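Asks: Numbering (my numbering), first residue to last: 81 to 392.
Attaching a single structure in structure tokens format; questions to follow.
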Ligand code: NDP
């Protein structure tokens, strides 16, 4: 049987992918969208989003992604809960394979695979994963209510996770490796004014201790070199993200951190007919609203490509 050539395949289902789907579907491009491993993307593990225009009272990340998905489906986006693991961008018709080796073909591809949480790389972090070690306070914080916990990181994510956990836990230890935080001013203020959050400046984690579950952490002050142990039942890692660009590595130009390079002012990659949007190509802004905006750009760029090549 001959493989159908789709107008547009969208890989990824965060704000960028769903926005691309909404625009592509409304332009009669009949998009096929692969959700990837984490349908909805990073917003599924976020609490309150207060800075997405239109939600004047704020909205929970998962609720927002449900709304995005519904809107994409309203215009008949074909959504598949599968992961694209391999591509071949040799010819004008692009080939993609799911993890189960099913082949799909498309004239245009929109990559919106986002980014994933980074880990410290400690052996104990791996060993105690899901036994108190987590990268998602919203998913796992509930299990540690009434207990002392630690968060590592100093960006908005760490600030947000620490504030969220402070609602459930008597003490939250925030481990900051420098003498300053990277988080936005408003988020920093929330952390610094919260009596349940203790900020440990210039502090790095040496080891997470415990046999079957997290019991404490051993930390070092990188100025005084003093080593101490803090008893905690959970350890939340919030130190940033890396782009999910691996399946495209041999085809698409990327920077030194594997973020996909796009031609400035567009979503075009080095491969004609392949576009990228959202966090997988954005190391600077990384906001839901900028991801959504770039998803719109990718759909419009793809539509233009299809028109220029007399495909639609
Ligand atoms: P960031 O890259 O902004 O911050 C990562 C933090 O982790 C930095 O403070 C960094 O420290 C620290 N870090 C990195 N590696 C280590 C390590 N090995 N040990 C200890 N600390 C480490 O990532 P975020 O995930 O916080 O934020 C990503 C983007 O998402 C940002 O643009 C942010 O503004 C946005 N965001 C917005 C939210 C909102 O508006 N509600 C919520 C969450 C995120 P150092 O500073 O020393 O480099």
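Built from N, CA and C at the ideal position, the CB exists for glycine as well.
Remember, predicted model here, so these are calculated numbers, not experimental data.
#1: Under the three-state reduction of DSSP, which class applies to residue 396: helix, strand or coil?
#2: Are the Cβ atoms of residue 280 and residue 255 separated by less than 9 Å?
#3: Using 8 Å as the threshold, is the stretch 186-197 in touch with the stretch 352-363, meaning 3 or more CB pairs across them?
#4: Contact between the stretch 290-298 and the stretch 260-277 is defined here as three or more beta-carbon pairs at a separation below 8 Å; is this criterion met?
#5: Where do the ends of the beta strand (DSSP E) carrying residue 151 lie?
#6: If you pair each beta-carbon of the stretch 358-377 with each one of the stretch 221-228, do three or more pairs fall below 8 Å?
#7: For a minimum of 3 consecutive residues, which ranges assigned as the beta strand (DSSP E) are wholly contained in the stretch 318-370?
#8: Mind pulling the beta strand (DSSP E) runs of 3 or more residues that sit fully within the stretch 226-303?
#9: Looking at residue 74 and ligand 1, is the gap between the Cβ and the nearest heavy atom below 8 Å?
#10: Starting from residue 186, trace the beta strand (DSSP E) in both directions and tell me its first and last residue.
#11: Since residue 351 contacts residue 187 with CB under 8 Å, what's their CB separation in whole angstroms?
#12: Between residue 86 and residue 184, which are expected to be in contact by the criterion C-beta below 8 Å, what is the C-beta distance as a whole number of angstroms?
#13: Please report the residue range of the beta strand (DSSP E) in which residue 311 lies.
#14: With three or more C-beta pairs closer than 8 Å as the rule, is the stretch 341-351 touching the stretch 145-153?
#15: What residue does the alpha helix (DSSP H) around residue 96 start on, and which one ends it?
#16: Does ligand 1 have even one heavy atom less than 8 Å from the beta-carbon of residue 130?
#17: Quick check on residue 378 - is its C-beta less than 9 Å from some C-beta in chain D?
#18: Taking the continuous beta strand (DSSP E) assigned at residue 196, which residues delimit it?
#19: Is any heavy atom of ligand 1 found at a distance shorter than 8 Å from the C-beta of residue 235?
#20: State buried or exposed for residue 112, treating a residue as buried only when at least 16 other CB atoms are found within 10 Å of its CB.
#21: Using a Cβ-Cβ cut-off of 8 Å (strictly less than) and excluding sequence neighbours within five positions of residue 180, which residues of its own chain qualify?
#22: Based on the DSSP output, what are the partners of residue 128 in its beta bridges?
#23: Using the Cβ count rule (16 or more neighbours within 10 Å means buried), how would you classify residue 205?
Replies: Based on what the coordinates show:
#1: No answer is possible for residue 396: it lies beyond the span of the chain, which begins at 81 and ends at 392.
#2: yes
#3: yes
#4: no
#5: Not the beta strand (DSSP E): residue 151 falls in the alpha helix (DSSP H), residues 141-154.
#6: no
#7: 321-323, 354-356
#8: 229-232, 252-255, 277-280, 283-289, 296-301
#9: Any property of residue 74 remains undetermined from this structure, which presents the chain solely from 81 to 392.
#10: 183-191
#11: Actually they are not in contact, since the Cβ atoms of residue 351 and residue 187 sit about 12 Å apart, beyond 8 Å.
#12: 7 Å
#13: 307-311
#14: no
#15: 95-106
#16: yes
#17: Chain labels in this structure do not include chain D; a single protein chain is all it has.
#18: 195-197
#19: yes
#20: buried
#21: 162
#22: 140
#23: buried
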